[in-house]
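*Asks:*
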Amino acid sequence: MFFKQIGIGKIIRQVNFKRRTPINPTEFIKWLLTAIFARQSLYRAKETPAFTTRTVRNFLNDGRINWQKFACLLASAVIKCLRPFIDSRRRLALIIDDSLFTRPYSKSTELLARVYDHDKHKFLHGYRALTLGWSDANTFLPVNFVLMSSKDPKNILGPCHNLDRRSLAGRRRYQAQSKMNQVAIELVSQALKHNIPAQYVLFDSWYSSPKMFDQIK
4 MFFKQIGIGK
14 IIRQVNFKRR
24 TPINPTEFIK
34 WLLTAIFARQ
44 SLYRAKETPA
54 FTTRTVRNFL
64 NDGRINWQKF
74 ACLLASAVIK
84 CLRPFIDSRR
94 RLALIIDDSL
104 FTRPYSKSTE
114 LLARVYDHDK
124 HKFLHGYRAL
134 TLGWSDANTF
144 LPVNFVLMSS
154 KDPKNILGPC
164 HNLDRRSLAG
174 RRRYQAQSKM
184 NQVAIELVSQ
194 ALKHNIPAQY
204 VLFDSWYSSP
214 KMFDQIK
């Protein structure tokens with residue numbers, strides 16, 4: 004019912020998914036969501052006779068699928084369903100935030116970087132998970148995400164296989180090594196482009212700069 008209401012099939016067709024197996028991609032998404040809400044990993048999730056976890060991993064690792072666009076379109080569809088129930092007096096906002104995603108035992112993970120932890124005041128191995136969310140002060144929905152490496156080549160520990168910006172995967176790798184403020188602006192622009200309503204953009208003070216305010220305005 005949920006998938007039919009938000010039109011998951013239509014969304015999948017818009018994100019460059021090319022069917023390479025006889026299995027409907029909607030079945031992958033259903034299985035993944037069931038595992039996530041059951042707080043299970045791919046290895047612990049209930050098996051299905053329709054496909055193996057290896058097939059799911061291949062689906063998730065396909066660099067031709069635009070997962071950022073998928074997240075945006077999915078959030079937009081959910082918000083569209085919620086709008087009739089949201090009080091018109093509420094203020095809608097996009098929220099930018101980032102958190103440390105540590106990988107202390109990784110050595111050759113792609114674009115692994117030395118990332119500064121502001122709480123522990125030291126560098127750790129990992130990434131910064133930059134996320135964009137939407138809220139009406141009552142409901143929160145994730146809208147988009149980027150796994151950030153480092154813009155300083157000296158801090159990048161893992162290899163980078165392809166930076167051909169003509170490909171989607173190449174653009175994602177380039178984005179991961181860009182300035183976080185600029186990527187945050189890109190996420191906001193993408194959200195507005197996909198009809199996600201917002202009157203405000205909220206973020207931590209360290210994102211603040213005259214250029215940031217000018218671009219958001």
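Residue numbers for the sequence shown follow the numbering used here, so the first one is 4 and each next one is one higher. Don't be surprised by glycine CBs; every beta carbon is placed ideally from N, CA and C. As the structure is a prediction and not an experimental result, all values here were calculated from the model.
1) Please report the straight-line C-alpha distance between residue 114 and residue 60, rounded to a whole angstrom.
2) What did DSSP end up calling residue 86 once you bin it into helix, strand or coil?
3) Check whether the Cβ atoms of residue 146 and residue 132 lie closer than 9 Å to each other.
4) How far does the alpha helix (DSSP H) with residue 120 in it extend, from its first residue to its last?
5) What does residue 34 pair with, by DSSP beta-bridge criteria?
6) Given this structure, state the Cα-to-Cα distance separating residue 34 from residue 85, to the nearest angstrom.
7) What's the C-alpha gap between residue 1 and residue 186?
8) Give the straight-line distance between the Cα atoms of residue 127 and residue 176, rounded to the nearest whole angstrom.
9) Quick one: residues in its chain with C-beta nearer than 7 Å to the C-beta of residue 4, no 5 flanking neighbours on either side, listed in chain order?
10) Is residue 51 helix, strand or coil by DSSP?
*Replies:* On the basis of the coordinates in this document:
1) The count along the sequence shown starts at 1 and reaches residue 114 at position 111. The count along the sequence shown starts at 1 and reaches residue 60 at position 57. Rounded to whole angstroms, residue 114 and residue 60 show a C-alpha spacing of 20 Å.
2) Sequence index remark: in the sequence shown, residue 86 carries index 83 (1-based). Shown here, residue 86 sits in a helix according to DSSP, grouped into three states.
3) As a first step, residue 146 must be located in the sequence shown, where it is residue number 143. As a first step, residue 132 must be located in the sequence shown, where it is residue number 129. No, the pair does not count as a contact, with Cβ atoms beyond the cut-off.
4) If you number the sequence shown from 1, residue 120 lands on position 117. Element bounds for residue 120: not the alpha helix (DSSP H) but the beta strand (DSSP E), 116–120.
5) The sequence position of residue 34 within the sequence shown is 31, counting from 1. Residue pairing by DSSP places residue 34 opposite no residue, since no beta bridge is assigned to it.
6) Here residue 34 refers to the residue found at position 31 when the sequence shown is read from its first residue. Here residue 85 refers to the residue found at position 82 when the sequence shown is read from its first residue. If I take the Cα positions, the gap works out to 24 Å.
7) As shown, the chain starts at 4 and ends at 220. That puts residue 1 outside it, with no answer to give.
8) Here residue 127 is taken as the residue at index 124 of the sequence shown, counted from 1. Here residue 176 is taken as the residue at index 173 of the sequence shown, counted from 1. Each residue's Cα considered, the two are about 20 Å apart.
9) Start at 1 with the first residue of the sequence shown, and residue 4 comes out as number 1. For residue 4, where only same-chain residues beyond five positions count, there are no Cβ hits under 7 Å.
10) The sequence position of residue 51 within the sequence shown is 48, counting from 1. Secondary structure of residue 51 (DSSP, three-state): strand.
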